[in-house]
Structure formats: C-alpha cells, structure tokens
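Here is the structure we will look at, set down as structure tokens.
Number of protein chains: 2
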Amino acid sequence: MGAGCNNNCPTCKCTKTATIIGAGLVGSLWAIYLNKAGYHVDIYERRSDMRKENISAGKSINLATSYRGWKALDEVGAGDEIRKIAIPMSGRTLHQIEGDLQYQPYGNAGQAIYSVSRGGINSKLMDIAEAKDTHIHFNEECIGVEMAEGKATFRNTLNGVVTEVKSEVVFATDGAFSAARYLGMQKTDRFNYSQLYIADGYREILLPANEDGSYKLDKESLHIWPRGRFMLIALPNLDGSFTCTLFMPFDGHTYCFNKLTSKEKVNDFFKEVFPNFYELMPDIAEQWEQHPLSSLAIIRCYPWTHGKMALMGDAAHATVPFFGQGMNCGFEDCTVMYELMQKHKENWPAVFDEYQQIRKPNGDAVQDLSLQNYLVMRDKVGDPHFQLIQKIERRINYLYPDQYFPLYSMVSFTNIEYKTALQKGNEQEAMIESLIKKNKLTHESELNEIDNLIHAFMKKELPI
Amino acid sequence: MGAGCNNNCPTCKCTKTATIIGAGLVGSLWAIYLNKAGYHVDIYERRSDMRKENISAGKSINLATSYRGWKALDEVGAGDEIRKIAIPMSGRTLHQIEGDLQYQPYGNAGQAIYSVSRGGINSKLMDIAEAKDTHIHFNEECIGVEMAEGKATFRNTLNGVVTEVKSEVVFATDGAFSAARYLGMQKTDRFNYSQLYIADGYREILLPANEDGSYKLDKESLHIWPRGRFMLIALPNLDGSFTCTLFMPFDGHTYCFNKLTSKEKVNDFFKEVFPNFYELMPDIAEQWEQHPLSSLAIIRCYPWTHGKMALMGDAAHATVPFFGQGMNCGFEDCTVMYELMQKHKENWPAVFDEYQQIRKPNGDAVQDLSLQNYLVMRDKVGDPHFQLIQKIERRINYLYPDQYFPLYSMVSFTNIEYKTALQKGNEQEAMIESLIKKNKLTHESELNEIDNLIHAFMKKELPI
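Encoded structure:
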C-alpha cells in the first residue's frame, strides 16, 4: 500500500490518491486521466457492474460523440477502442410528413458525429481504467461527504457495510441528481442551485434491424421527423437496429404524451404524424410501454468545488440532450481539469479555483445551446428560410474554411469554448439574416452572386 | 374528538381537520383563517415556544406591514391587536454622507407602512390562534410527508417521540428552507426549484434608545443611508431603540463584509461612510459580533401544491427583503386561499389548483420587485433624476388619485396583483421618462407647467 493510499489494494505502490463518486462516462474517463498523472483511483458506484448485466445496445439511450469527446478520449489513448463501436453520422436526414426525405450535411466532407451506445462506451472506459491503476467498487451508495477533509462515506447496498474513504482529492461524477452534491455542496451557505424541467418528456423506441441484419434506414445519418412542437429522432446501433426517441410535451398541446392513453391512440398517432416510420414499425403500439416516459431537466449550480471536492460532468451542469453535447462537455471537463493540473503542478486549490471559473460559463452556455437546438431540430430544420441561412453559412465556411465556422461546426467540430460559440453563432446568424434581407437573397439566387456578396462581406468584417 | 380529527384533543368537536407545518407568521395567521372556516388545526413547529423565551424586540429582524398585510389580518379580526405594537413610518429619511437629511413620503397623507418586530407579531398571532381552535405542538421536527394521503410525520426534538398525523389538508409554512417541501415536493418528478443567493449579505445592529427612553432618530421614518453599492437602514422599535441592518457585498468590492476583519476596521468603516450614525453609536465595533452575518436568497419553485399539501409563504416564494413584502405576500396567500375555499366550497383539489395558478406569477413578481427595489434603496433614492421622476409621479397621483398609482403605492397601499404592479410600474416609469425628456423638465420647472403636461398626458393615455 502506497504512502498516500488509504485503501486495501495489496499491490498498490502509489503515493497519490483520488476518490471518484460514480463510475459513469465522466467518472470512468477521469479515472484514466488521474491514473496517467500517477494517481491511484478508487471509484465508488451505486449501481451494480453493467458489464455483468445483459444490456443490449438498443436498450439504453444513444449518444453522439463529437470533436471534444474524441479529443478527450485520444488524450489518454482511449479513442481507438471507442472508434470500434462508433458509427459515423455525417448529416441529418429529415423525414417530412408527406414522406419526402431531405439530407443536410453537418459539416464539410469527412466531418461527422458518431453514434455510440451509452452502455458500450461506459463499459470500455471501465475496462481501460481497471487495466491501469483504478479500482471500481460497485453497489456502493454515497451516504456522506466531508469536503474539507477529502472524506466520503459509502454504504454497500448488498450487505449494508459502511466504508469511510479519505484521499487527497474527491470528484463527484454521480450525475444530474448527484448524491455527493446534495450531501456536500447543498449544505453549504450560499450554494446556488436550480433544477428546471422543460415542458417536454421523451420515450425511447427500438426500431429493429431487417431479418438479414441490414438497417431499415440510411445508417450514416441522424434521422429526424421534425413536427414543429415535437419530433422523433433515430440513431443507428451496431446490430442494424436504430434507437429512436420521441420528444413531445407532457400535456396542453394537440399532440402530447398524456393523450396517448391507449394502444389504439398510439397506433393512430404514429400512422397520422409519422406515416413512413409507422410503415417500418407497424407494431409500434405493442412496443410503446417497453421504455418509460422520462422527463428532461437543466440543472445549474455554483460553486462547483469546495475544499477537496469538485463536481464534474452532469453533477455540475446536466443539460437537455438536444445538441448531443452532454457527454462531450463532461469529457471536456476532464481535458480542462488535466491541463490545469499540469499548469498548477497539482496544487489542487489553484486547479479547482481556475477549473470552476473557466468551466462554469461554458456549462451555462452548453445548456443554453441545448435548449436553442431543440427549436432548431424540431422546427427550424424544416423551414425554407432557416435552410437558406444554413446554405449561405456552409458556403461561407467552404470559401473561408479557416475564418468562418457555422454554430453547429463550432460546437461539434472544434473545441472553441461553448460560451464563445454561443455568442459568435448568434452574431453570425444575425449577420447572415441582414445579408439576405439587404440583397433579397432566395434559394434561387445565383451561386456567383452569393459568392461575390460573401467575399465583400468577409473583407469588411471577419466574424471570428 | 370530532369525526374527522385524528388528534387527541379532548374537547374537540370538529369534523374538519388541517395540519400546518411551521408556526411562523404565515402558519399562525393561516390557522386563524382555517379556524374561522370551521377547521380544527394542529400546528407542528420545530422550534420551542418563542413566547416562553426572552426575546427582546430589537434582537430579531423588523418587518414593515403594509396594506396587504393589514387586509389579511383584519379579515380575521387580528389587525387591531397588531396595530397596538406597530409604529407607522410615513416616509424614508435619507442620510447623505455629508450629514444632510432628506425626507421622501411613501404615499399621500395618512398612508404609511408599519414597523413591527417579527417576534411581537408572531407571538400575538399564536395567542389568537390558540384562543380559537388551534393546537400548537412545539419542538416537533417534520421528518416525512405523504402528500397524497395528507400525512405528515414529526419527531419531538426533546424526547425523540415520533408522531404521524393525518388530516384532510396539510399546509407547509415552514419557511425558505422548508423541510416539508424537501421531503415531499422535491422528491416528485418535474418539480422545478431554484435557490439563488445574491452577492450581498446583512448584519443587524441594535441602536439603543436615549437614556430617557426617547428615540435617537425620527421615529416615524424608515431611515436609509444609501451608499451606491451598499446601504444601512433603521426601523423603529417600541422601546425607543432602532433595529439597523447593514446590507453589503460579501467580497470583491471596495466596501465589503470580508474586509471588516477587526474591530478597528469596523470602527474606521462606520466613521468614514456613516459618520452621523457613528456619532450616535461610537461603540459600534463592540456590538459588531452580537448578530451573525447572514446571506440572502431568492427561492422559486413549482408546483406549489401536490395531493393534499400546499406550500404557503416563504416555503413557496422566499424573497430578499428590499420591498418589505415577504410577510405581506405570505399573508396575502392566506387571503387568496380563503377566498378560493369559499369560491370552490372547500373542494380542495380545485382550491389548490387555482391557488397555485393565481399566486405563482405574483410570487415571481414580488421577487423581481424586491431585487429591483434594492437598487432603488441603496442607490437611486439619492439620484436627482430618479427624484424628479418620483416628484412627477406623486403629482400625477395627487391630481388623479383614482387613476394613477406610483409603483411603490401599488405594492404597498393597494392589493393590485404584484405581477400587474410590476408591469404597470415599469411602463409608467418609461412614460414619465419620456415626458421629462420631451419637455426638458427639471427640478426647477414650474408646477403649473408640470400640471398642464400631466393633464394633457392623462387625457391621452390612462396608464391603468
């Protein structure tokens, strides 16, 4: 047992110790980072080991890994393992109610976001961490933290045994409803906290593969059925199936979850508003109850650190999923925290202080971006005027690839800070709006005319 | 014991029962309302009986009772008892740093807000409730609620005995950090909640009476020492003393609490920025530690009712104290809930539903008004331009007493809904701004000219 280690790891030679509460995506990745920095890590996880359960790919929500996620994974050499289970989606395929399909690329050639199953990526990260200097303790519920001391207490959910752990630093990566945050931060004076639910919930649906294992929809797209106030989306799984998610208000609208009270109503609803999806899955009503109806919240808080404890990932900044950035932002927390460890030579008070100052505005921004993108996905993507803005944006980006990035690209294909992306993105949209208005541009405008306007415009004001 | 009563009250003949959690201001008043409606009420209070402790008037924060408060008290005949311990304050006296005094009336002749001690009013309300059909159980901490069942569980803090109570309806009036809200509401899905601390804290100071028992400052004013980013205020007590409160940032400013780290620094601070106050109280530094430094938060949540339980007062809408409306708004919750009981013939699901729909926007508005009025009190009251707006407002109100009310009057001297007052008040300020600008009005403008402009203006657009 190493000098600084308080755990019973017979072979441990470490002198630096860290405790992580929660073995989810961010906790597992952060353990690998800490191992790289020479820390012995103990992760305590409330749930049982998901690798020993039979979780099929389509049964858990899918995630889209983008640039920030890959950067964080590659930094510790975990990217290639995850690439093996990731499916590139280079654009959106929109399914209009009449059955017309429209493809919108996410970025330039070669740029894509990647569909991965939460269970798949989480399991791989746990495997990698355990192969280094991390010990994961399952079925351990956090029942107390003493942040000033770096202490955390856990109760085993199977045998009731209580364990108190002390280490140099403690990281709470236990998600949106973090027990560590509640037991620690929330009891300090002047801790700001808000949980705000949006009016919409979601329900997952598994669209199975064809009998020969092939995909029922184009595999390399994120599919969207935009319907104004609600939408259905589908992300590909490795086995030929798609994980589909219906986002819709709980109540108070023509179409809402609380009106779908019988199999017949579910059947009629899909037949009416998602006819081409219904054709692929005529037994939708039978499947309806297989996944629960879930709610969606934005959780903000501050400060994110206190004494020897820091919040990371959803525990600090849980968001609604509409920009596909929840995991990517949590992974970027790891990149940033690690850079600060090096900058401040592991002087933790200095690391924690700068971490929360840098990351809090970005946590807020990723939440604002997520809310904003729900409008884009469910409504604006189908709007000809918005499509014209996107067309001109892509053209500017094509002509000035190093100087101009559309908002979606800044968020998904760069690591420009979220707060900067949000601000610049909104400024850029306003500028293109005025370009369109001033020059009366339409979808019929000549490419030549648009290019000339873009060149004049970019000479005058470089937006970035 | 009455048919619907689950408590051991030997003389009770009631058939309707209610449980109130918290015997503070709102809980005690609401009990009197429920008694009037024929309910037997049991209040469970975590603290001991304040009437048996020796709490002197000046030791607890003072409150200002205004129109809504009196209306709610008078509705159940409690107003006259409270008037005996209330001191009218008909305006603000501003103390400039040079020692100049300026008096600003709050409203028209005869209008005032009233200084009362929290302990004084609370004790009276408990006495009145107990003289009716209310039983107050002290030292009873709420440890659980089952909202659907109307059940609440308490543990006696002296002997550990646990009591489970069931009644037709349960009201949580246990304040900003409501245990009932946490144990009930906060565990339901889609409960929106936020606690946001402002950057400022407060510390109370007791300015004693002269040796002959007389007041050291004008008794019929609320005194303000406005200093831009911070302020000191003083409210009169019955015994000749004043309860003073310093509101100031915790840190990050030229003047802030975290810099006042020694008696010497406290002494120098008061001498420098509150010289006329310092003359009245040269031993300020000795007294400094007698009251704690406290924080200030806005707490918002929704829904306010679930099953058989409703939140009232601070448990639903705790605010910062700068409009003096926290208690008044909580008391108005009682007026509104009682009116709805009559409207819906005590059909509680209908009462609760309309209660939260009506009161939530007003709870939000009183919080917005409170934040806005901090700026007014600490800074704008001393600004000549703001004073000109106020002067013209008072004149419009004088000429059109039934058609125009300044914001302060709408909030303090009417029961116009808070949300309406907030909206109208801001619209009116903008209109007067434009009147001043358009006609180049100054403090030197002739009254005659101002009156003519007001008449023309009021003929054109009646703001209310």
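Residue numbers (our numbering), protein chains in the order written: chain R, 134 to 597; chain Y, 134 to 597. Note that CB positions come from ideal geometry on N, CA and C, so glycine has one too.
Go through its chain and collect everything with a Cβ distance to residue i's Cβ below 6 angstroms, but skip five positions before and after it.
i	result
Val-295/Y	Arg-288
Ala-418/Y	Lys-396, Val-399, Asn-400
Ala-262/R	Ser-161, Ala-164, Ile-165
Lys-169/Y	Val-209
Tyr-507/R	Phe-455
Asn-247/R	In the sequence as presented, Asn is not what sits at residue 247/R; that position holds Tyr. Correct list, in chain order: Thr-198, Ala-219, Pro-221.
Pro-382/R	Ala-332, Asp-333, Cys-389
Ser-327/R	Arg-433
Ser-428/R	Tyr-330, Gly-334
Arg-179/Y	Glu-274
Please name the residue in the options whose C-alpha comes closest to that of residue i.
i	options	result
Met-318/Y	Gly-440/Y, Gly-558/Y, Asp-535/Y	Gly-440/Y
Ser-503/R	Gln-458/R, Pro-494/R, Ile-154/R, His-518/R	Gln-458/R
Asp-233/Y	Ile-357/Y, Thr-547/Y, Ala-498/Y	Ile-357/Y
Ile-176/R	Phe-403/R, Asn-272/R, Ala-367/R	Asn-272/R
Thr-306/Y	Ile-153/Y, Ile-525/Y, Ser-567/Y	Ile-153/Y
Lys-299/Y	Met-470/Y, Ala-312/Y, Glu-279/Y, Thr-290/Y	Glu-279/Y
Gly-202/Y	Lys-320/Y, Cys-462/Y, Met-543/Y	Cys-462/Y
Ile-230/Y	Ile-565/Y, Asn-480/Y, Thr-575/Y, Phe-403/Y	Phe-403/Y
Glu-550/R	Glu-412/R, Ala-211/R, Glu-465/R, Gln-523/R	Glu-465/R
Val-159/R	Lys-392/R, Thr-378/R, Ala-205/R, Phe-380/R	Ala-205/R
Asp-497/Y	Met-460/Y, Leu-555/Y, Tyr-531/Y	Leu-555/Y
Ile-569/R	His-518/R, Tyr-531/R, His-588/R	His-518/R
Val-514/R	Ala-448/R, Pro-494/R, Tyr-537/R, Ile-366/R	Ile-366/R
Glu-274/R	Ala-264/R, Ala-281/R, Thr-267/R, Ala-285/R	Ala-285/R
Tyr-488/R	Glu-337/R, Met-445/R, Glu-297/R	Met-445/R
Leu-453/R	Phe-380/R, Thr-553/R, Lys-493/R	Position check: residue 453/R holds Val in this sequence, whereas Leu was assumed. The shortest C-alpha separation from Val-453/R is found at Phe-380/R.
Gln-520/Y	Ala-443/Y, Ile-565/Y, Val-499/Y, Lys-557/Y	Ile-565/Y
Ala-589/R	Tyr-533/R, Gly-558/R, Ala-483/R	Tyr-533/R
Shorter than 8 angstroms from the beta carbon of residue i to some beta carbon of chain R?
i	result
Asp-516/Y	no
Ser-567/Y	no
Leu-329/Y	yes
Arg-336/Y	no
Arg-323/Y	yes
Cys-138/Y	Low per-residue confidence applies at Cys-138/Y: pLDDT is 49, beneath 50, and the placement is therefore not dependable, though the value from the model is reported in the following sentence. So no, Cys-138/Y is outside the interface.
Ala-190/Y	Only weak support exists for where Ala-190/Y lies, its pLDDT of 39 falling under 50; the value from the coordinates is given anyway. So no, Ala-190/Y is outside the interface.
With a 10 Å radius around its C-beta and 16 neighbouring C-beta atoms as the bar for buried, classify residue i as buried or exposed.
i	result
Asp-345/Y	exposed
Ser-181/R	exposed
Tyr-236/Y	exposed
His-228/Y	buried
Glu-526/R	buried
Glu-577/R	exposed
Leu-355/R	buried
His-542/R	Note that residue 542/R corresponds to Ser in the displayed sequence, not to His. Ser-542/R is buried by the Cβ-count criterion.
Tyr-531/Y	exposed
His-450/R	buried
If I measure Cβ to Cβ from residue i and keep anything under 7 angstroms in the same chain, skipping five residues before and after, which residues do I get?
i	result
Asn-585/R	none
Ile-583/R	Ile-525, Arg-528, Leu-574
Thr-321/Y	His-439
Quick check on residue i - is its C-beta less than 8 angstroms from some C-beta in chain Y?
i	result
Trp-437/R	no
Ser-428/R	yes
Tyr-326/R	yes
If you drop the 5 nearest sequence neighbours on each side, which residues of the same chain put their C-beta closer than 8 angstroms to that of residue i?
i	result
Gln-561/Y	Glu-526, Tyr-537, Pro-539, Leu-540, Pro-596
Ala-211/R	Leu-162, Ile-165, Lys-257, Leu-258, Ile-261
Gln-523/R	Gln-237, Pro-539
Does residue i have its Cβ less than 8 angstroms from a Cβ in chain C?
i	result
Lys-478/R	No chain C is part of this structure, whose protein chains are labelled R and Y.
Problem - Continuous alpha helix (DSSP H) assignments of at least 4 residues falling wholly in the region 377-452 of chain R - result: If we require 4 residues or more, the alpha helix (DSSP H) runs fully inside the region 377-452 of chain R come out as 396-406, 408-413, 417-420, 447-450.
Problem - In chain order, each beta strand (DSSP E) run of at least 3 residues that lies wholly inside the region 525-595 of chain R - result: none
Practice task
Enumerate, from N- to C-terminal direction, the unbroken beta strand (DSSP E) stretches of 3 or more residues contained entirely within the region 249-315 of chain R.
Solution key: 267-270, 273-279, 284-289, 295-299, 302-305
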